[in-house]
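For the sequence shown, the tail end lands on 428 under my numbering, and the numbers increase by one without skipping.
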Amino acid sequence: MIRVRQAIIVEGRYDKIRLSNIVDTVIVCTNGFSIYKDAEKQELIKSLAAKTGIIILTDSDSAGFQIRSFIRSIVKSGEVLNAVTPDIFGKERRKLQPSKQGKLGVEGIPDKLLIRSLKNCGAEIDGETPAGAEEPLTRADLMELGLIGSDNSAERRRRLQKRLGLPELLSAKLLLETGNKMFSRSEFIEAVRKMDEEQDE
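Spelled out as structure tokens, the structure:
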């Protein structure tokens, strides 16, 4: 079990149960879209963001990204980190059918990948803050790489995100934030270059 300084925000109770087996921290469950009307829980999340910081760890489907966006919009001060999991297709053991988009939710992601997602987002684990990228990527870099501001930017981002093991539904803003946490500027640019080379072959 790892100890994380920040509180972790998840969607469902099964996500909370799953994480509580591998992480020692406060875990808050939004109960899906119920968070939109739960003023008390919203206040708790804002308070945690200000005191300890929070890590948003929602599913990599459209609902998960909507909830993630809502939480970011209500937290005006404090630390908010985004942990993202790769798109893994399948279904959780307890379910008869896969989710609408066919992707595993947080509860179905292997321990190793959950821990890596937490480390990659900048979580403070066992009192140590991971080193960030030495030269941060900027929006100008994304524009120069054709990942924003051109006709095929969305498609290029999707291809790159798949190559990097990131969810396909990341916005450009979240790609920039996640890219800065997981990769150095040169590693990120090299990944785009290799993607372009493979397409040209």
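Note that beta-carbon positions come from the ideal geometry of N, C-alpha and C, so glycine has one too.
Its chain contains Val237, Ile254 and Cys256 as the residues whose beta carbon lies nearer than 6 angstroms to that of lysine 243, once the 5 sequence neighbours on both sides are disregarded; these appear in chain order. When C-beta atoms of the region 332 to 348 are compared with those of the region 257 to 270, fewer than three pairs fall below 8 angstroms, so the two segments do not count as touching. Threonine 285 and glutamate 371 have their alpha carbons spaced roughly 30 angstroms apart. DSSP places aspartate 251 within a strand segment (E or B) once states are collapsed to three. Straight through space, the alpha carbons of lysine 346 and isoleucine 352 are spaced by roughly 7 angstroms. Residues Leu372 and Leu387 of the same chain have their beta carbon placed closer than 7 angstroms to that of valine 419, with the five preceding and five following residues left out of the count.
The DSSP-derived three-state label of lysine 330 is strand.
Residue pairing by DSSP puts phenylalanine 316 in a beta bridge opposite Lys330. Contact check between the region 301 to 310 and the region 265 to 278: three or more CB pairs, one atom from each, fall below 8 angstroms, which counts as touching. The distance from the Cβ of leucine 393 to that of threonine 405 is about 6 angstroms, consistent with a contact at the 8 angstroms cut-off. Nearest to isoleucine 229 by C-alpha distance, out of Asp288, Glu319, Lys408 and Ile249, is Ile249. When DSSP states are grouped into helix, strand and coil, leucine 374 belongs to the coil group.
With respect to leucine 403, leucine 364 sits close: the two C-beta atoms are nearer than 8 angstroms. In this model, arginine 412 and aspartate 368 are separated by some 9 angstroms (Cα to Cα).
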